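Take a look at the structure below.
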Amino acid sequence: MSEDQTVICRCEEVTIQEIKETVKQYHCSAREIKLRTRAGMGPCGGRTCRCMIDKIVEQLGGPSVSNEVSLSYRPPVRPVSFGVLGGQ
Amino acid sequence: MNSMRVDQHPVLGNMGQRQKLKFVFEGKQFTAYKGDTIASALLASGVRTLRRHEDKGTPKGIYCNIGHCFECRVRVNGQNSVRACLTPVENNMIIESNVSRTMTSRGGKV
């Protein structure tokens, strides 16, 4: 298996190759990567891959991570179902 | 098949007699011991694929095993997105791979 086939976001199965190509094509931030590839939008809420995506984009020369544009943390912090919030 | 289970541990000793539990995964009967999680019972029985990716169909199993990554989510007694690595097996549990049949039969994503 080549390095480019390494899965970064396991929930949405986004490989490092897809992230690299997207950064190259759009020169975009980590947040835009999330919106374009769905990396970090799966059931785990980006808890597994958020830091990796931030770092990869930074290393590839995308806009550096700042508090304003990094992958946002939104409540609830842990993934819960709508049933938990609103009853069955 | 219980080939992957550690029954005699050099430090923890012999596991001895434990209560056996029965459960069903994807229509097949399996045996677990009391205290097993769904993930550990299935791994001990040689089952490594807990579900398939909803979109790409690739096999998914245990990844973090601490409830962090949601890779091992399965359907337990009709409830979706239950983490196999955190949920202890109970007698006569019905466990399915986490695919809603009504959704997939219509061709939609889960």
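Order-wise, the sequence lines are chains B and Z. Take this note's numbering: the last position of the first sequence gets the number 78, and nothing is skipped along the way. Take this note's numbering: the last position of the second sequence gets the number 130, and nothing is skipped along the way. Beta carbons: idealized from backbone N, C-alpha and C, even for Gly. A quick note: this is a predicted structure, and the numbers were derived from the prediction, not measured.
### Query
Counting pairs of Cβ atoms below 8 Å between the stretch 37 to 45 of chain B and the stretch -2 to 16 of chain B, do you hit three or more?
yes
### Task
For residue 21 of chain B, count neighbouring Cβ atoms within 10 angstroms of its own Cβ and tell me buried if that reaches 16, exposed if not.
Its Cβ being crowded by 16 or more others within 10 Å, residue 21 of chain B is buried.
### beta strand (DSSP E) segments (min. 3 residues) lying fully within the stretch 45 to 123 of chain Z
Runs found: 48 to 53, 93 to 96, 99 to 103, 113 to 117.
### Query
By the 10 Å Cβ neighbour count, where 16 or more other Cβ atoms means buried, how is residue 8 of chain B classified, buried or exposed?
buried
### Task
Determine, using beta carbons only, whether residue 21 of chain B comes closer than 8 Å to chain Z.
Chain Z, which has no Cβ nearer than 8 Å to the Cβ of residue 21 of chain B, makes this no.
### Reference residue 26 of chain B; option with closest CA among B:70, B:64, B:12, B:-4
B:12
#### Entry: residue 67 of chain Z to residue 77 of chain B span [Cα, whole Å]
33 Å
### Task
Between the Cα of residue 113 of chain Z and those of Z:27, Z:71, Z:42, spot the shortest distance and give me the residue it belongs to.
Z:42
### Task
Can you tell me which of the three DSSP states residue 28 of chain Z falls into?
strand
### Task
Find the residues of chain Z that neighbour residue 38 of chain B, judging by a C-beta separation of less than 9 Å, and give them in chain order.
83, 84, 88, 89, 90, 91
### Query
How many angstroms separate the CA atom of residue 53 of chain Z from the CA atom of residue 64 of chain B?
Here the C-alpha atom of residue 53 of chain Z lies approximately 39 Å from the C-alpha atom of residue 64 of chain B.
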